[in-house]
Every structure is written in C-alpha cells, then in structure tokens.
Amino acid sequence: VILVDNIYKQHHTGLQSLLEAQLPFLLLRVHRGALLDDAVAALQQANPQQLLRPLKIVFEGEEGVDEGGLKREFFSLLTPELLSPERGLFTYNAAARTYWFSSLSQEDIKKKEKYYWLIGALASMAIYNDMIMPLAFPLVLYNRLQGRSVSLEDLGDVFPEEMNSFEKMLTMDKRDEFEAAFSTQTFSVDIVRDGKVVGEAPLIEGGENIPVTMENRDLFVSKYTQYLLVDSVKQQ
Numbered sequence: 001v002i003l004v005d006n007i008y009k010q011h012h013t014g015l016q017s018l019l020e021a022q023l024p025f026l027l028l029r030v031h032r033g034a035l036l037d038d039a040v041a042a043l044q045q046a047n048p049q050q051l052l053r054p055l056k057i058v059f060e061g062e063e064g065v066d067e068g069g070l071k072r073e074f075f076s077l078l079t080p081e082l083l084s085p086e087r088g089l090f091t092y093n094a095a096a097r098t099y100w101f102s103s104l105s106q107e108d109i110k111k112k113e114k115y116y117w118l119i120g121a122l123a124s125m126a127i128y129n130d131m132i133m134p135l136a137f138p139l140v141l142y143n144r145l146q147g148r149s150v151s152l153e154d155l156g157d158v159f160p161e162e163m164n165s166f167e168k169m170l171t172m173d174k175r176d177e178f179e180a181a182f183s184t185q186t187f188s189v190d191i192v193r194d195g196k197v198v199g200e201a202p203l204i205e206g207g208e209n210i211p212v213t214m215e216n217r218d219l220f221v222s223k224y225t226q227y228l229l230v231d232s233v234k235q236q
C-alpha cells in the first residue's frame, strides 16, 4: 500500500508539474511558513522561459485566485526577509540609506548563494510583472551589472564616511600634516566581519609593506574604492 501510494504521489506530482509547465503564466505554490525556501526551490526548478511569464501565486492551504493581490503580497513579504540583518546578505548604511553586500567568508557565501540568486531573479520578475520591490540599492550596483568602472563618487552612495575621508586625504597639501595623519597607512585593508577584524587584504602586490604617500595617494584611493565596491563582494 505504501509503495502504491508513493508511486501515485510521484505520478500526480509529475503530471501536475507537466501541466503547469504548459500554462501561459508562471504558477508558484508556496507556504507562508517557508516562503523563502519554497520560492528558491520553485524558481530554480523553472526553466528560463517560464521566469519571463506573468506570475501567479498560490499560498498553500489558502483559498483565493491571484488577480494581482497575492503576487504583490508575495513580493512585499519576501523583500524584507531577504534584506533582514538576521539573513546576513546585506548591510544597511543609515547615512547613505542604501543596502550593500555583507562581507562574508567563502563558507558563508556558499551557504547563502541561493538567496543572492533569488533576489536577482525576483528583481527581474518584478520588472516584468510591473511589481515594485523596495530595494534600496545604490546606482553603482546597476552600473556594475553593465560592466562600468567605479569612482569615488560611487563610493559616496555606499560608504559616505569613507568617501569623505578619501577626499580629505586627496586635498591635503601640507606634507608634514599628511605624514602625521597617515604615517601607519599601507596599501592594505582590514577584512572586517561582524565587527571583528579577521584578516588583511593587500590592495596591490606586497601592499602591506608599501606606505601611502602624497605621491601615490591617488592610486591608494582608487584601489581602496575598487576593493570596497568590487573585489570584496564580487562573488555575491
């Protein structure tokens, strides 16, 4: 009996998936209590063509036909979940009022990569379905997706405090003041995770042994900006 029941369930599930694949829209069945993981599983199983279809949502165990309201609720529930500090995917900068990728270890990136994939998929689907996702990402993210280089101005949209510090460094014209302020600064940066220094990253080869001077400060600022906006988060 158990074997027959399992075969029936597999056949029913396979038939349901086959029928849903033929629909002119993408139908997602999700549980409210497992919304994030259900969304990841369903969207990763869909083919790319299905992701470009109009979206309809079914909350399992609930009645209701999605005429747009359930779809809006789906996006409104998922967005804060993906951006929450507990999820650890992004860090909010109150001064810039933007989110940026959290500094993560290789192990953590591997654990969370499906959620980064999900937010990219959802952002594309929201545009296609005329939905609004309140994603306070800086303009530099969209520029990077188009392959554009980064600048000090871009840094201000993510890390305004660092941008202000760099601008002061670049405009100092008295050598003794500059050397007093940056006497210990080298072409390397601390790797900080969860408020703790866990390592050091050279900005150029051998950077930990190269001091920052008035002659090379432009290069330092350029490399540091590149590190913050590109190199340190490129895997996310």
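Be aware that the sequence shown starts at 1, since it is given in full-length UniProt numbering, and climbs by one per residue.
For glycine and all other residues, C-beta sits at the position ideal for the given N, C-alpha and C.
Asked                                                                                                                                                                               : Found
How many whole angstroms separate the CB atoms of leucine 36 and methionine 125, which I take to be in contact at a CB cut-off of 8 Å?                                              : At roughly 15 Å, the Cβ-Cβ gap does not stay under 8 Å, so leucine 36 and methionine 125 are not in contact.
Confirm, please, whether the CB-CB distance from isoleucine 191 to serine 232 is below 9 Å.                                                                                         : yes
Distance check for glutamate 107 and asparagine 209, CA to CA, integer angstroms please.                                                                                            : 29 Å
Below 8 Å on the Cβ atoms is my contact criterion, and I expect methionine 133 with threonine 184 to pass it. Report the Cβ-Cβ distance as a whole number of Å.                     : The Cβ separation is near 43 Å, so there is no contact.
What are the partner residues of valine 197, as DSSP defines its beta bridges?                                                                                                      : Val192
Counting only runs that start and end within the stretch 29 to 73, where is the alpha helix (DSSP H) found for 4 or more residues in a row?                                         : 35 to 45, 48 to 51
Quick check: phenylalanine 90 and leucine 55, are their CB atoms within less than 9 Å of each other?                                                                                : no
Taking the runs of the beta strand (DSSP E) that are 3 residues or longer, which of them lie wholly in the stretch 130 to 212?                                                      : 188 to 193, 196 to 202
Do arginine 217 and leucine 155 count as a contact pair if the criterion is CB distance below 9 Å?                                                                                  : no
Between the alpha carbons of lysine 112 and valine 189, how many angstroms are there, rounded?                                                                                      : 25 Å
Around the C-beta of tryptophan 117, are 16 or more other C-beta atoms found within 10 angstroms, so that it is buried, or is it exposed?                                           : exposed
If we count the other Cβ atoms within 10 Å of its Cβ and call it buried at 16 or more, is aspartate 130 buried or exposed?                                                          : exposed
Helix, strand or coil: which one does DSSP assign to phenylalanine 220?                                                                                                             : helix
Using only CA atoms, which one of Pro138, Lys234, Ile127, Ala39 lies nearest to valine 158?                                                                                         : Pro138
Excluding the five sequence neighbours on either side, which residues of its own chain have a C-beta within less than 8 Å of the C-beta of phenylalanine 75, listed in chain order? : Leu122, Ala126, Met131, Ile132, Met133
Please return the same chain residues whose Cβ sits closer than 8 Å to the Cβ of valine 30, not counting the five positions on each side in sequence.                               : Asp38, Ala39, Ala42, Ile57, Val58, Phe59, Glu60, Phe74
Could you pull the DSSP bridge partners for leucine 26 from this structure?                                                                                                         : Leu55
How many angstroms separate the CA atom of leucine 70 from the CA atom of phenylalanine 166?                                                                                        : 47 Å
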